[in-house]
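Student: Attaching a single structure in structure tokens format; questions to follow.
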Amino acid sequence: MIEVDQTGISPNHSSRHGARIRLFVLHTQEGGGDAYSLARYLQRRSSRVSYHYSCDNFTNVDVVDTDRASWSVLDANPYSVNFCFAGSFARMGRDEWLTKFGNAIQEAARIFVQDGRKYGFDNLYTIDWDQISRGMSGATDHYGITMGLRIGTHTDVGPHFPWDVFSAWIAHYRDNADPVNVPVPNAIAEKRAVSEWLGDKITEAIELSTPDGRGRYVEYEHGYIYWTPEYGAHPIPLELFDTYAKLGWETGPLGYPVGDHTVLAEGLVQSFERGTLYRKAGNPGFYVTGLIGERWRRTGFEDGPLGWPTSNEISVDSGAYQQFENGRIYWAPEETIAVLSVDGDDVPSSERVQKYIPSARERRLTPVDGMRGGISYFGGPDDRSTRGRKMGISGEPADDPTDPWYCAMRFNYCQVEPHPANKLWVKPVAGTSDLALKAYLPDRRLLVANPANGRAVVVRPADWGPGAWAVPTGPKYRVVDVSHQAMRSLGAVTDTYVEVEWVDPATPLGPREGN
6 MIEVDQTGIS
16 PNHSSRHGAR
26 IRLFVLHTQE
36 GGGDAYSLAR
46 YLQRRSSRVS
56 YHYSCDNFTN
66 VDVVDTDRAS
76 WSVLDANPYS
86 VNFCFAGSFA
96 RMGRDEWLTK
106 FGNAIQEAAR
116 IFVQDGRKYG
126 FDNLYTIDWD
136 QISRGMSGAT
146 DHYGITMGLR
156 IGTHTDVGPH
166 FPWDVFSAWI
176 AHYRDNADPV
186 NVPVPNAIAE
196 KRAVSEWLGD
206 KITEAIELST
216 PDGRGRYVEY
226 EHGYIYWTPE
236 YGAHPIPLEL
246 FDTYAKLGWE
256 TGPLGYPVGD
266 HTVLAEGLVQ
276 SFERGTLYRK
286 AGNPGFYVTG
296 LIGERWRRTG
306 FEDGPLGWPT
316 SNEISVDSGA
326 YQQFENGRIY
336 WAPEETIAVL
346 SVDGDDVPSS
356 ERVQKYIPSA
366 RERRLTPVDG
376 MRGGISYFGG
386 PDDRSTRGRK
396 MGISGEPADD
406 PTDPWYCAMR
416 FNYCQVEPHP
426 ANKLWVKPVA
436 GTSDLALKAY
446 LPDRRLLVAN
456 PANGRAVVVR
466 PADWGPGAWA
476 VPTGPKYRVV
486 DVSHQAMRSL
496 GAVTDTYVEV
506 EWVDPATPLG
516 PREGN
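Below, the structure is given as structure tokens:
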């Protein structure tokens with residue numbers, strides 16, 4: 006968990022007028038987003054609302070100084086500290102709370118004990134409505150303010166919040182008790198619960214292990230669900246699974262699914278670790294990947310002039326090609342060429358596209374989970390997580406970088422393992438780094454593009470990350486961290502979908518011309 010101090014920005018706070026602080030109040034946001042996006046909203050004068058803390062499962066943003074009253078609970082503001090779970094809803098079930106906000110619940114308990122001691126709470130426990138009405142100190146939620154003090158009508162954090170887990174973490178920080186061991190919900194069963202189209206379960210066991218031991222799967226009437234710690238649980242409909250099985254399942258060229266399938270006007274599509282599988286209704290399925298897939302993307306995917314794929318990539322001595330409904334895309338070591346089928350000779354769909362071809366070492370360094378997905382950004386100089394830390398690739402101080410155009414990706418110079426404290430995070434495996442490959446990175450260049458607005462920025466590798474791999478509220482998973490300035494140049498916010506590619510190392514850093 007990263008704690009970021011942004012106090013002093015929001016104008017939405019007031020004096021406590023000498024009131025004795027006695028309540029720590031939990032809130033849901035009742036909206037999507039993350040700690041940063043909620044904090045930005047609370048920092049607008051027009052919002053007329055604030056909390057002391059805005060916290061998601063990865064970041065806790067300090068919004069209002071606790072010596073001041075936040076604008077959260079009407080007349081109870083002067084004597085309360087208010088903590089909001091960013092991106093949460095009061096309707097959430099227990100398993101959803103534990104899966105999406107397990108770290109945030111732990112952080113709320115830590116903050117409660119910290120602030121309770123700071124302000125002299127006479128009780129560092131959760132309290133009921135009667136105790137609230139009698140003026141006792143302790144932790145509650147907004148519904149406790151409604152029922153215990155008869156102030157307002159809010160009912161958050163809802164009936165399924167795991168108070169037992171929150172209380173256990175309070176005991177951990179208050180009494181130095183053992184860390185809380187929370188059973189992890191069965192992700193495959195959870196996914197099936199919201200995927201009625203799969204039909205009845207066929208696999209008799211709870212789940213089966215894949216041959217490589219990395220994942221789990223279950224068979225249903227109309228498809229399969231595959232789970233990995235990196236990507237979570239994703240169903241594969243039988244229409245796509247038929248092709249997936251012929252390709253060798255997860256040990257084949259596609260690897261594991263990284264997202265759910267999408268129903269298109271004429272067929273289905275689903276993304277996997279190393280490619281994207283397409284199947285037009287009434288036809289076999291084929292996958293696209295690599296530079297041919299990138300070239301096809303630039304033509305407009307299946308809606309472009311080339312249409313749907315009608316073969317997989319076919320290797321030839323001089324490179325490779327792939328057949329589409331209305332033409333082919335050829336790949337040679339120097340370029341990719343798209344050719345439309347017409348009467349007579351083949352006609353290139355455009356002049357030959359000169360494109361930077363990544364070096365062999367750049368291809369080896371390309372993250373195994375791909376270069377498309379969510380974006381996040383480094384902590385700034387006021388972020389305590391950066392103080393005294395060196396960025397692992399460039400070696401420069403994280404709170405005083407050489408220039409503002411830098412990034413982190415999960416570069417493939419080391420092995421990766423799930424983080425022991427959070428299945429949605431990963432970390433490098435100690436002692437597995439290829440130091441020669443790592444030393445090659447600082448002089449490389451990457452182009453990060455925001456397809457939503459056409460903006461792009463060139464950055465340099467400075468660190469390994471982001472640690473947050475699978476992000477439930479994001480597009481699939483985060484693939485890149487960038488500096489604050491790069492994020493602003495892209496017009497992006499946390500978990501905006503971006504596309505990253507290697508570019509010529511001589512390319513100037515900063516916004517691409519035309520931004």
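Heads up: the sequence shown at position 246 corresponds to 251 in our numbering, and the numbers run straight through without jumps. Glycine included, every Cβ here is placed at the ideal spot set by N, Cα and C.
(1) What are the boundary residues of the alpha helix (DSSP H) that includes PHE383?
(2) Quick one: give me the first and last residue of the alpha helix (DSSP H) that GLU195 is part of.
(3) Determine, using beta-carbon pairs with one atom in the stretch 70-90 and one in the stretch 413-427, whether at least three such pairs fall under 8 Å.
(4) Would you mind stating whether THR145 and ILE132 have Cβ atoms separated by less than 8 Å?
(5) Taking the alpha helix (DSSP H) that GLN119 belongs to, which residues open and close that run?
(6) Report the residue from PHE29, GLY379, PRO16, TRP168 whose alpha carbon sits nearest the alpha carbon of VAL453.
(7) Quick one: residues in its chain with C-beta nearer than 8 Å to the C-beta of THR151, no 5 flanking neighbours on either side, listed in chain order?
(8) What is the rounded straight-line gap between the Cα of ILE211 and the Cα of TRP336?
(9) Closest to GLY472 by CA distance: which of GLY515, LEU282, PRO372, LEU495 is it?
(10) Tell me whether SER19 sits in a helix, a strand or coil according to DSSP, three-state version.
(11) Please list, in chain order, all residues of the same chain as ILE398 whose beta carbon is under 7 Å from its beta carbon, the five residues on each side excluded.
(12) With a 10 Å radius around its C-beta and 16 neighbouring C-beta atoms as the bar for buried, classify ASN317 as buried or exposed.
(13) Once DSSP output is grouped into helix, strand and coil, what is the label at ASP80?
(14) Pull the bridge partners of GLU506 from the DSSP assignment, please.
(15) Verify whether the separation of the beta carbon atoms of ASP217 and GLU255 is less than 8 Å.
(16) For CYS412, which beta-bridge partners are listed by DSSP?
(17) For VAL162, which residues in the same chain have their Cβ closer than 8 Å to its Cβ, ignoring the five residues on either side in sequence?
(18) For a quick check, are the C-beta atoms of VAL503 and ARG450 less than 8 Å apart?
(19) Pop quiz: GLN275 and ILE319 are said to be a contact at Cβ under 8 Å. What is the actual Cβ separation, rounded to whole angstroms?
(20) Nearest to LYS105 by CA position, among GLU195, ALA81, HIS266, MET141, is which residue?
Tutor: Looking at the coordinates:
(1) No alpha helix (DSSP H) contains PHE383, which DSSP labels as neither H nor E.
(2) 192-198
(3) no
(4) yes
(5) 99-123
(6) GLY379
(7) GLY157, THR158, HIS159, THR160
(8) 44 Å
(9) PRO372
(10) strand
(11) LYS443, LEU446, PRO447, PRO466, ALA467, ASP468, TRP469
(12) buried
(13) helix
(14) LEU452
(15) yes
(16) PRO466, VAL487
(17) LEU31, HIS32, THR33, PHE90, SER93, ALA95, ASP146, HIS147, TYR148
(18) no
(19) Not really, about 22 Å apart at Cβ, beyond 8 Å.
(20) GLU195
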